[in-house]
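Every letter in the sequence shown is one number past the one before it in this note's numbering, and letter 51, counting from 1, is 69.
All residues carry an ideal CB built from backbone N, CA and C; glycine is no exception.
Values in this document were obtained by computation on a predicted structure and should not be read as measured data.
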Amino acid sequence: MPVFTDIPQADFLTAIHDLAAQLAADMWTPHFIIGVGRGGLVPAVFLSHASGLPTLSVDYSSQVKDFADEPLVKLAARTRDGERLLFLDDINDSGRTITHLRTALATAGAVPGAVRFATLIDNESSAERVDYRHRTIDRRTTKDWFVFPWEAVAPPAAIADDAAEVPERIA
């Protein structure tokens, strides 16, 4: 049975303010914050408001190509026009989502250095690295399933089903 760890709204807001401060302190400023569906959509809207930067979105979790791969081709083209993009997700767990995004963007011709990644929680043993993070965990020792405020409204069975999708993360 996984350990479900709620992320209180106040902690989520602290994470958003921390990411906004990291962006403000960096010389690299994105033109857009790209929320990665589904877990990065709510954080992207909050970070957009906290930073004053506009937000866009891509959907990776649904695996519907029209909303996942096609927008990445358009976003890659924007980098060739000089724009910088910050992709935001709730957690960098295995790195699978970030690997997919980086590969698709590179295949579509995104300019190296024009794309960065941020997460609220970063797993240091992930296959991928992010540029900005609020909190770092190590999945080799931390097996909690983090329940963010926007997920907390789901029925407990749905949360358990989400956690069980990749058992090695929580076992």
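Is residue i buried or exposed, if buried means 16 or more other CB atoms sit within 10 Å of its CB?
i    : result
S69  : buried
H152 : buried
E146 : buried
E183 : exposed
A172 : exposed
S143 : exposed
If distances are taken between C-alpha atoms only, which option among the options comes closest to residue i?
i    : options                  : result
D77  : L123, D44, V165 and G57  : G57
Q27  : E186, L71, N110 and W168 : W168
S80  : R187, G55 and V63        : G55
A136 : F30, N110, A128 and A126 : N110
F30  : P61, L41 and A38         : P61
My understanding is that residue i touches residue j, with C-beta atoms under 8 angstroms, so please give their C-beta distance in whole angstroms.
i    : j   : result
V165 : I34 : Wrong, their Cβ atoms sit about 17 angstroms apart, outside the cutoff.
Does the contact criterion of 3 or more C-beta pairs under 8 angstroms hold for the region 95-106 versus the region 44-56?
yes
What are the start and end residues of each continuous beta strand (DSSP E) run of 3 or more residues lying completely inside the region 83-156, in chain order?
DSSP runs (the beta strand (DSSP E)) wholly in the region 83-156: 103-110, 133-141 and 150-155.
Cβ contact check for the region 122-142 and the region 100-108: 3 or more pairs under 8 angstroms
Touching, per the Cβ criterion.
In the region 48-78, which residue ranges form an unbroken alpha helix (DSSP H) of at least 4 residues, counting only runs that do not cross its ends?
59-69
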